[in-house]
Each structure stands twice: as structure tokens, then as C-alpha cells.
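Participant: In this note's numbering, the protein residues as written are 473 to 785.
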């Protein structure tokens, strides 16, 4: 059964459904990965950095074009790291949190005016970083324990020399063999939304619960999945500007979330091996899979779930 929490609207509910299968105690049968050594060996080194004077619009376009979920902001002269913009910041700006005040208050709801502000107006200045001589254990601590999806790697002059993400860690850790199944490590009872929920309401949910993705359920059937990247692409692709007329933010955030969902729906099953699902995530560059049983959504498994599990070996 699906249950709605008291006071929740139809676009915000928690799916309360457990898997039916009891697969016994969790066991590992794998060789721990070697984790000592330079973090640069597993990082992405072709990092695009932009100046704080770049407009929000151009920054989002850059992230969309390059397929990035985070964008380091560096001083144009010294190259030193000054801040970072993440896809979650863009969701916040679109109505999810404090950055929305830039649109609502300073620009009186005029989205076209607000999006031409500089990136420094919404960037995070206190950036969590790694050093180029750090080890994989340092990245695990930052991503798993401090719950950051990724971080810039800097040199002694605070210049950005790389980026490490959940995806990079998953590639480094999944090589061993484990007896665990998807059901053993997935997040059950996921919070869901519905296809007619507005972009603004979904942005608020993502910001409130610190999610980057939400399953979309209609009449108890999985309709799709909406991600923070979908919201970012809505701006970065220029689609938002084709829909807006008066410039008011409500014109672009009142649309139903179904109108910006992209990509084909890919799911997995609770009995699938985490070795197989990790391989699919790495090869297809998919950050999460909805988990279904008897055509019903029972959970979500993400890169974070797998990294946390594999790092605990």
C-alpha cells in the first residue's frame, strides 16, 4: 500500500512498500580494493572552471553542454578556487530554497533579470576540497561520511587540478565480487512525486529532503524519474526561454514536471547482484535505478548506496 503523510499534497508523498523476498543475512565474498595512493589516479582531470563574473545563465548552459553536475568557480587571474555551483544550487535557484530569494525578492519575480546575475551571487564559497596527494580513503570520507556528491581537487596554490565524484569512486571500488543483492543495499520506501506536480513543487521537495532525483508515480504505477539535472537542462538547453513571455518566474516553474522529464525509464529488480548493477551504472553513466517488484516501485538504488556499501568492506 502507498501511504500519504498527514498534510502532504498529492505531489509529495512517501511510498511505503517493502520487498516481499527474505534473502537472509548480508554476506561479503570479495577482496577489498587497494585504497592507498594518489587520488589523482581515479579522478577526472579535464575540469572546466569558470570565473565568478559569468552569468548564471551561461554557467548553467556550460554545465548542460558539458554534462557536469558541479562547476568550480575560479579567479580569472590567479586561477585559485573561489567557489562552486552544483546542480542542487540550480534547483534551489528555481524555487527550492534560499537562492530563490534572488529571483523573488531582489528581482521581484523576474526570472529573465535574475538569471543574468553573476554566478558569485548563488555560488557556495566555502568549498570542501581534496588535495592532489590525498588517498582514496580521503575521498570516501568526504563523499560517504560528509555526504558530498563530489569535490574539486586542488594543488598547493589552490588551483583546480581534478574532480572526484561518487561515479569515480564507484569505478574504483566495484571490481570485487560481492554476494549482496540490490535489495540488501537499496533505500526502501522512497519519497515520490506525480507527473502533474509543478516544477516549483518538485524543486522544493528536492531542496527540503536533499534529493537529486525523485521517482514519478501515477496511479501507483511508476511513470518515470525526474532528476535535478532535468531541471538544470530545462534552463541550460534554452527551453525555458521559449516558454517564457512576461519574464515572471511562475511562467516557467508552474509547468508540470512531466514536461521536462528526459531519458528512457530504466529499472532493476531486488534480487539482482550489486556487481551487475554497479557495472551498469558505470557503463551507462546512470546515477540511480528505481527498484521494482511485480511492476511496483519498492525502492531506489544509487551510486551513493553502492559506494557506501563497497567502501565498508
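Note that the Cβ used here is the ideal one computed from N, Cα and C, for glycine as well.
Quick caveat: nothing in here was measured; it's all calculated off a predicted structure.
1. Tell me the residue span of the beta strand (DSSP E) that contains residue 515.
2. Mind checking which residues open and close the beta strand (DSSP E) that includes residue 635?
3. Taking a contact to mean a Cβ-Cβ separation below 8 Å, would you say residue 616 touches residue 749 in this structure?
4. Ignoring anything shorter than 4 residues, give me the alpha helix (DSSP H) runs that lie fully in the region 601-681, in order along the chain.
5. DSSP beta-bridge partners for residue 697?
6. Would you mind reading off the limits of the beta strand (DSSP E) that contains residue 768?
7. Using the Cα positions of residue 641 and residue 726, report the straight-line distance between them to the nearest angstrom.
8. How many whole angstroms separate the CB atoms of residue 626 and residue 591, which I take to be in contact at a CB cut-off of 8 Å?
9. Between 733, 707, 695, which lies nearest to residue 535 when the distance is taken from Cα to Cα?
10. On the three-state DSSP scale, how would you describe residue 761?
11. Looking only at C-alpha atoms, which of 691, 644, 780 sits nearest to residue 657?
12. What residues are listed by DSSP as bridge partners for residue 582?
13. Within 10 angstroms of the Cβ of residue 715, are there 16 or more other Cβ atoms? Answer buried if so, exposed if not.
14. Using the C-alpha atoms, what's the distance from residue 718 back to residue 515?
15. Please tell me whether residue 519 and residue 635 are closer than 8 Å, where the distance is taken between their beta carbons.
16. Please state whether DSSP places residue 727 in a helix, a strand or coil.
17. Let me know the secondary structure DSSP gives residue 739 once reduced to three states.
18. So residue 525 is in the beta strand (DSSP E); what residue range does that whole segment cover?
19. Using the Cα positions of residue 731 and residue 631, report the straight-line distance between them to the nearest angstrom.
20. Roughly how many angstroms separate the alpha carbons of residue 527 and residue 671, rounded to a whole number?
21. Please list the terminal residues of the continuous alpha helix (DSSP H) segment that includes residue 714.
22. In terms of residues, what are the limits of the alpha helix (DSSP H) holding residue 751?
23. Starting from the Cα of residue 559, find the closest Cα among 618, 547, 533 and give me that residue.
Facilitator: So, from the data block:
1. Translated into the one-based positions of the chain shown, residue 515 becomes position 43. Where residue 515 is concerned, there is no enclosing beta strand (DSSP E), given that its DSSP letter is neither H nor E.
2. By one-based count along the chain shown, residue 635 stands at place 163. Looking at the DSSP string, the run of the beta strand (DSSP E) that includes residue 635 is 632-637.
3. Here residue 616 corresponds to residue number 144 of the chain shown, with the count starting at 1. Here residue 749 corresponds to residue number 277 of the chain shown, with the count starting at 1. Residue 749 sits away from residue 616, with the two beta carbons spaced by 8 Å or more.
4. Entirely contained in the region 601-681, the alpha helix (DSSP H) runs reaching 4 residues are, in chain order, 608-612, 638-645, 654-657, 671-681.
5. Locating residue 697 in the chain shown gives position 225, counting from the first residue. Looking at the DSSP assignment, residue 697 forms a beta bridge with 687.
6. For the purposes of this step, residue 768 is identified with residue 296 of the chain shown, where counting begins at 1. For residue 768, the enclosing beta strand (DSSP E) stretches over residues 768-774.
7. The sequence position of residue 641 within the chain shown is 169, counting from 1. The sequence position of residue 726 within the chain shown is 254, counting from 1. Approximately 37 Å, taken between the alpha carbons.
8. What you label residue 626 is simply residue 154 of the chain shown in a count that begins at 1. What you label residue 591 is simply residue 119 of the chain shown in a count that begins at 1. Not confirmed; about 18 Å, so no contact.
9. What you label residue 535 is simply residue 63 of the chain shown in a count that begins at 1. Checking every option, the nearest Cα to that of residue 535 belongs to 707.
10. The sequence position of residue 761 within the chain shown is 289, counting from 1. Here residue 761 sits in strand by DSSP.
11. The residue you call residue 657 lines up with position 185 of the chain shown. Comparing alpha carbon positions, the residue from 691, 644, 780 closest to residue 657 is 780.
12. Residue numbering aside, residue 582 sits at position 110 when the chain shown is read from its first letter. Looking at the DSSP assignment, residue 582 forms a beta bridge with 720.
13. By 1-based counting over the chain shown, the position of residue 715 is 243. Classification of residue 715: exposed, given that the 10 Å Cβ count is below 16.
14. Here residue 515 is taken as the residue at index 43 of the chain shown, counted from 1. Here residue 718 is taken as the residue at index 246 of the chain shown, counted from 1. Their Cα atoms are separated by approximately 44 Å.
15. Position 47 of the chain shown, counting from 1, holds the residue named residue 519. Position 163 of the chain shown, counting from 1, holds the residue named residue 635. Going by C-beta atoms, residue 519 is nearer than 8 Å to residue 635.
16. As a first step, residue 727 is located in the chain shown; it is residue number 255 there, counting from the start. Residue state, collapsed to three classes: coil.
17. To locate residue 739, count along the chain shown from 1; it is residue 267. Three-state result, residue 739: coil.
18. As a first step, residue 525 must be located in the chain shown, where it is residue number 53. Counting along the chain, residue 525 sits inside no beta strand (DSSP E), nor does DSSP assign it H or E at all.
19. By one-based count along the chain shown, residue 731 stands at place 259. By one-based count along the chain shown, residue 631 stands at place 159. Roughly 40 Å separates the two Cα atoms.
20. On the chain shown, residue 527 is found 55 positions in, with the first residue counted as 1. On the chain shown, residue 671 is found 199 positions in, with the first residue counted as 1. If you draw a straight line from the Cα of residue 527 to the Cα of residue 671, it comes to about 22 Å.
21. Along the chain shown, read from residue 1 onward, the residue named residue 714 stands at position 242. Residue range 711-715 is occupied by the alpha helix (DSSP H) that includes residue 714.
22. To locate residue 751, count along the chain shown from 1; it is residue 279. 746-756 is the span of the alpha helix (DSSP H), which, as asked, contains residue 751.
23. Stepping through the chain shown from its first residue, residue 559 is reached at position 87. Answer by Cα proximity: 533.
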